[in-house]
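Below is one structure, written out as structure tokens, with a few remarks after it.
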Amino acid sequence: MKNIIVNKTGIAEELFWGYVGLIFFMLGATIETSWFSSYLTTIGFQVKVVSLLFSFYGIFVAFFSWITSFLVNRFSVKKVMTVSLLLALFSTGILLFGLTTKQVWLIFLGYMLRGTVYPLFAYSFLVAVTIQTPAKKLGRGTSWFWLCFNLGMTIIGPVFATRLLKLFDPFFVFIAGAGLILIGGVITVARCEMRRTKDTPATVWTEMKEGIQILFQFPRLSIGLLVKGINNIGQFGFVIMMPIFLLQHQFTLVQWTSAWAICYVVNSFAGIFFGSLGDKYGWRKIVTLFSGTITGLSCLLLIIVVNYFPGNFILLLLAFIVFAIGIAAFTPLSALIPSMVPDNKVAAVSVLNLGSGLSNFFGPLLVTLLFQQYGGNFTLIVFAVLYFAGSLLSTQLKTPADETSKEIESV
């Protein structure tokens, strides 16, 4: 069975169990994302404070997303993953104690530390995928990474958490999440064969400086960083904004979590489709034509549905499905950005990971700055403009092969 899946999907055989473990890990590490903002407001926290909490969480996600590649270079994939497991348990304990005592600073501390957990684990595994998957299969290999990533975070997670919340209090949900983190971590660390990226005596600080320098050496990587940063601002902004915004327009929390989960089922299969399409027709072409254009349109559709069809679940679901398809069209970035610097893929992956982390920061930050002050409609318009800009910027993301073919054509 394993061999059949490996042959059909194009993933590296030695990493098969890592994909399985990633699902469990992401389910546990992000089990609260679809309901935590709503829960905090119901126990007395202002929307501004909740958004600020998620923004600080996003800062930690962004920073550790960036440095994960450097830590892997210095210490190995498995060691970094093991540290993430320990941080998961530690941060969960602090967060639960802060919620019990209603100590705001402890809640902030616990949740910011929680922001280190999934970047260290998931993006360590993404480095292994990038290094150990053959180039001709890289689009598919990374698309399956994002499928497993989203299965835990946005497909199974919201529905599973909603079911648990009907039976248990939020504290038990966090504890259950910690158990799932351990299951996923043990599966991945124990069952995967992961090569060292390189033997280097360089310190993490030296690696970080090289990671900054590469943005100046290859300016197009900076554009890739911006596009990847735009990629998931909606995903991480919506989980804060929508549980509040939709409830103001006759939608229920169950409708929100159901629509969110279903749309990411579509997203996952669309991601595999766009990954394969990118391998065949060109990664940049797929991102430029379909990513920000479709996602920006979906934000405008959401404005129409929420304001003119309040409580209509079917139309809400359709709008979110359009959003999910647009997000899926960004999938080839995971193959495109490392291929822009083929001689230093690990540093390029750090740029990719930083962009992913920045989404987790800027999405909540935009909600913090805009939602309470100007409302959900204006916030969605800003998201739409940014997504359209992302498609325009992606036209500049060219690999050395693209540059060579351009020179040949000009001759």
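Okay, so the sequence shown: first residue is 99 according to the working numbering, each after it adds one. Heads up, the beta-carbon is just placed ideally off N, CA and C, and yes, glycines get one too.
(1) Candidates K146, L120, L313: which alpha carbon is nearest V227's?
(2) What does a CB cutoff of less than 7 Å around M339 pick up in its chain, not counting 5 residues either side in sequence?
(3) Are the CB atoms of N329 and S489 within a distance shorter than 7 Å?
(4) Would you grab the beta carbon distance between F219 and S182 for me? Rounded to a whole angstrom, and I think it's under 8 Å.
(5) Taking the alpha-carbon positions, what's the Y155 to R318 distance?
(6) In the DSSP assignment, the alpha helix (DSSP H) including T131 goes from what residue to what residue?
(7) Report, in whole angstroms, the separation of the C-beta atoms of I370 and A427, which I expect to be a contact under 8 Å.
(8) Give the secondary structure of F168 by DSSP, where H, G and I count as helix, E and B as strand, and everything else as coil.
(9) So, using beta-carbon positions, are W381 and A446 closer together than 7 Å?
(10) Could you check the C-alpha separation between L169 and V225 for me, to the nearest Å?
(11) Whole angstroms is fine: what's the gap from L484's alpha carbon to C246's?
(12) Determine the closest residue to Q471 out of Q144, E308, V118, with distance taken between C-alpha atoms.
(13) Reducing DSSP to helix, strand and coil, say where S174 ends up.
(14) Suppose contacts are defined by Cβ-Cβ distances below 7 Å. Is I254 in contact with V118 by that definition?
(15) Just to confirm, is the Cβ distance from M124 to G283 under 7 Å?
(16) Could you round the C-beta distance between T355 and P256 to whole angstroms and report it? I think they count as a contact, below 8 Å.
(17) Does the stretch 201-208 come into contact with the stretch 400-414, if we say contact requires no fewer than three beta-carbon pairs (one atom in each stretch) closer than 8 Å?
(18) Using only the alpha-carbon positions, how far apart do G116 and S149 sit?
(19) Whose C-beta lies closer than 7 Å to the C-beta of F459 among residues of the same chain, with five residues either side of it excluded?
(20) What first and last residue would you give for the alpha helix (DSSP H) that runs through G390?
(21) Would you say S163 and Y221 are within 7 Å of each other, going by their C-beta atoms?
(22) Write down every uninterrupted run of the alpha helix (DSSP H) in the stretch 408-453 whose length is 4 residues or greater and which is fully enclosed by it, in chain order.
(23) Rounded to whole angstroms, what is the Cα-Cα separation between L467 and T252?
(24) In whole angstroms, what is the alpha-carbon distance linking M292 and L138?
(25) With a threshold of 16 other CB atoms inside 10 Å of the CB of D574, please say whether the residue is buried or exposed.
(26) Assign F143 to one of three DSSP states: helix, strand, or coil.
(27) State the Cα-Cα distance for the pair F421 and S437, rounded to the nearest angstrom.
(28) Assign V509 to one of three DSSP states: helix, strand, or coil.
(29) According to the neighbour-count rule (16 or more other Cβ atoms, all chains shown, within 10 Å of its Cβ), is N405 buried or exposed?
(30) Quick one: residues in its chain with C-beta nearer than 7 Å to the C-beta of E276, no 5 flanking neighbours on either side, listed in chain order?
(31) Do A482 and F418 have their C-beta atoms closer together than 7 Å?
(32) With F334 and G453 assumed to form a contact (beta carbons below 8 Å), what rounded beta-carbon distance in angstroms separates them?
(33) Tell me where the alpha helix (DSSP H) around C566 begins and ends.
According to the structure shown:
(1) Stepping through the sequence shown from its first residue, residue 227 is reached at position 129. Taking each of K146, L120, L313 in turn and checking the Cα distance to V227, the smallest one comes out for L120.
(2) Here residue 339 refers to the residue found at position 241 of the sequence shown. Excluding sequence positions up to five before and after M339, its CB lies within less than 7 Å of the CB of V465, F469, G474, T477, all in the same chain and listed in chain order.
(3) In the sequence shown, counting from the first residue as 1, residue 489 sits at position 391. In the sequence shown, counting from the first residue as 1, residue 329 sits at position 231. In this structure, N329 does not lie closer than 7 Å to S489 by Cβ.
(4) Within the sequence shown, the letter at position 121 stands for residue 219. Within the sequence shown, the letter at position 84 stands for residue 182. Confirmed, Cβ separation roughly 4 Å.
(5) Residue numbering aside, residue 155 sits at position 57 when the sequence shown is read from its first letter. Residue numbering aside, residue 318 sits at position 220 when the sequence shown is read from its first letter. Those two C-alpha atoms are separated by around 28 Å.
(6) Counting from 1 along the sequence shown, the entry for residue 131 is found at position 33. No residue range can be given for T131, since it is assigned to no alpha helix (DSSP H) and is classified by DSSP as neither H nor E.
(7) For the purposes of this step, residue 370 is taken as residue 272 along the sequence shown, with counting starting at 1. For the purposes of this step, residue 427 is taken as residue 329 along the sequence shown, with counting starting at 1. In fact, because the Cβ distance is near 12 Å, the residues do not count as touching under 8 Å.
(8) The sequence position of residue 168 within the sequence shown is 70, counting from 1. Note: F168 maps to helix in three-state DSSP.
(9) Mapped onto the sequence shown, residue 381 falls at position 283. Mapped onto the sequence shown, residue 446 falls at position 348. No, the pair does not count as a contact, with Cβ atoms beyond the cut-off.
(10) As a working note, residue 169 is residue 71 in the sequence shown. As a working note, residue 225 is residue 127 in the sequence shown. Straight-line measurement puts the Cα of V225 at about 11 Å from the Cα of L169.
(11) Locating residue 484 in the sequence shown gives position 386, where the first residue counts as 1. Locating residue 246 in the sequence shown gives position 148, where the first residue counts as 1. Distance between the alpha carbons of L484 and C246: 26 Å.
(12) Numbered from its first residue, the sequence shown carries residue 471 at position 373. Measuring C-alpha to C-alpha distances from Q471 to each of Q144, E308, V118 identifies Q144 as the nearest.
(13) Indexing the sequence shown from 1 puts residue 174 at position 76. In the three-state DSSP reduction, S174 falls in the coil class, being neither helix nor strand.
(14) Taking the sequence shown and counting its residues from 1, one reaches residue 254 at position 156. Taking the sequence shown and counting its residues from 1, one reaches residue 118 at position 20. In this structure, V118 does not lie closer than 7 Å to I254 by Cβ.
(15) One-based indexing of the sequence shown puts residue 124 at position 26. One-based indexing of the sequence shown puts residue 283 at position 185. Going by C-beta atoms, M124 is not nearer than 7 Å to G283.
(16) For the purposes of this step, residue 355 is taken as residue 257 along the sequence shown, with counting starting at 1. For the purposes of this step, residue 256 is taken as residue 158 along the sequence shown, with counting starting at 1. Distance from T355 to P256 at the Cβ level is roughly 4 Å; contact confirmed, criterion being Cβ atoms closer than 8 Å.
(17) Not touching, per the Cβ criterion.
(18) To locate residue 116, count along the sequence shown from 1; it is residue 18. To locate residue 149, count along the sequence shown from 1; it is residue 51. Approximately 33 Å between the Cα atoms of the pair.
(19) As a position in the sequence shown, residue 459 is number 361, starting the count at 1. Excluding sequence neighbours, F459 sits near S153, G156, I157, V159, A160.
(20) In the sequence shown, the residue the question calls residue 390 occupies position 292. Looking at the DSSP string, the run of the alpha helix (DSSP H) that includes G390 is 390-406.
(21) Locating residue 163 in the sequence shown gives position 65, where the first residue counts as 1. Locating residue 221 in the sequence shown gives position 123, where the first residue counts as 1. Y221 is positioned such that its CB atom lies closer than 7 Å to that of S163.
(22) Listed in chain order, the alpha helix (DSSP H) elements of length 4 or more contained wholly in the stretch 408-453 are 411-426, 431-438.
(23) Here residue 467 corresponds to residue number 369 of the sequence shown, with the count starting at 1. Here residue 252 corresponds to residue number 154 of the sequence shown, with the count starting at 1. Rounded to the nearest angstrom, the two C-alpha atoms are 24 Å apart.
(24) Numbered from 1 along the sequence shown, position 194 holds the residue referred to as residue 292. Numbered from 1 along the sequence shown, position 40 holds the residue referred to as residue 138. Distance between M292 and L138, taken at the CA atoms: about 40 Å.
(25) Residue 574 is absent from the model: the chain starts at 99 and stops at 509.
(26) Position 45 of the sequence shown, counted from the start, is the residue given in the question as residue 143. Under the three-state reduction of DSSP, F143 is assigned to coil, being neither helix nor strand.
(27) Walking along the sequence shown from the start, residue 421 turns up at place 323. Walking along the sequence shown from the start, residue 437 turns up at place 339. Between F421 and S437, the C-alpha separation is close to 27 Å.
(28) In the sequence shown, residue 509 corresponds to position 411, counting from 1. Model confidence at V509 stands at a pLDDT of 42, short of 50, so the residue's coordinates are unreliable and nothing is read from them.
(29) Here the question's residue 405 lines up with position 307 in the sequence shown. By the 10 Å Cβ count, N405 comes out exposed.
(30) Position 178 of the sequence shown holds residue 276. Checking the displayed sequence, the identity of residue 276 turns out to be Ala instead of Glu. Only G126, A186, L187, T190 meet the Cβ criterion.
(31) Along the sequence shown, one-based indexing puts residue 482 at 384. Along the sequence shown, one-based indexing puts residue 418 at 320. No; because the gap between Cβ atoms is not below 7 Å, this pair is not in contact.
(32) Reading the sequence shown from its first residue, position 236 is the one you call residue 334. Reading the sequence shown from its first residue, position 355 is the one you call residue 453. G453 and F334 do not touch by the CB rule: their CB atoms are close to 12 Å apart, not below 8 Å.
(33) Outside the displayed span of the chain (99 to 509) sits residue 566, for which this structure offers no information.
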